[in-house]
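Numbering (numbering that gives the first Met the number 0), first residue to last: 0 to 262.
Built from N, CA and C at the ideal position, the CB exists for glycine as well.
Fair warning: this is a prediction, and the values are worked out from it, not measured in the lab.
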Amino acid sequence: MLNLCANISMLFNELPFLQRYQAAADAGFVGVECLFPYDFSIDEVSRAIRLSGIPQVLINTSAGCWHRGDRGMACDARRRSEFEASVRQALQYVAAMGNPLVHVMAGLVPDGVSLDEAEAVYVNNLRWAAGVAKDAGVCLTMEAINPIDMPNYLLSNQAQVLRLYTVIGASNVGIQFDFFHCQKHEGNALEQFKQLLPHISHIQIAGVPERHEPDTGVLDYAPVFHVIEASGYSGYVGCEYRPKTTTLEGLGWMGAMRVAKRS
């Protein structure tokens, strides 16, 4: 079976954030991930993890001020000190939460800066961050986000992510492969996954194109799940989608997947 991980920034929004840990455990998920836990103290979040018994798998570095349009700072040379602070903040949370993965938000390409220049800044920043994270036993992840939903985000396609991953060359940096983003922008997500598999540290799923449950939309996840299981991938599969109605009403796809597996 796949190690299904609930993204509690999107799932179980019917409940206050800290109660979503227990809800995810009760629903049968074996891990949780979230975008930004920083509205809550380290003690509050670690207590929710401890009481629920469900492990934290991944968090993001701070995006900056989301409401002002920030989507990370890793590719902006003018914000180096803020970027470093965001990495150190994430690692402080990791020390208590126990998650092995931190997704480093790359950020939008700054006005007046070429893509090549922004990529060079990103590479240097990721190399620095990888050194700091390695001391903490943490793997950093890189993720392509489709430009339809997030225009001007630095990382927009799998070939670019693989190229920069190779240039960074750090043993504790991996690729975060999101089937939703890949299929919506590039298509052929399953074949791209197969090619990138040796470098993948985390997987995320959602229906395409509306980002609802995986059993909605144009991407058939039955062969996706089969390939992931057959590949020997032992990490987590993050369920990062927006429920069409309530979270629990939309979890039928999990039962269907398990029935298909048993048969």
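Annotated three-state conformation of residue 249 is helix, per DSSP. Straight across, the Cα-Cα distance linking residue 184 with residue 26 is about 31 Å. Per DSSP, residue 45 is one residue of the alpha helix (DSSP H) stretching across 41-51.
Under DSSP, residue 176 forms a beta bridge with 202.
Inclusion of residue 174 and residue 195 in the CB contact set at 8 Å is warranted, their separation being smaller than that value. Under the DSSP definition of a beta bridge, residue 141 partners with 174. Under DSSP, residue 2 shares a beta bridge with 235. Taking all protein chains shown into account, residue 0 has fewer than 16 neighbouring C-beta atoms within 10 Å of its C-beta and is therefore exposed. Note on the region 78-144: whole beta strand (DSSP E) runs with a minimum of 3 residues are 100-102 and 138-141, in chain order. Inside the region 9-33, DSSP marks whole beta strand (DSSP E) runs of 3 or more residues at positions 30-32, from first to last along the chain.
In this structure the region 85-102 touches the region 22-37; the number of beta carbon pairs closer than 8 Å is three or more.
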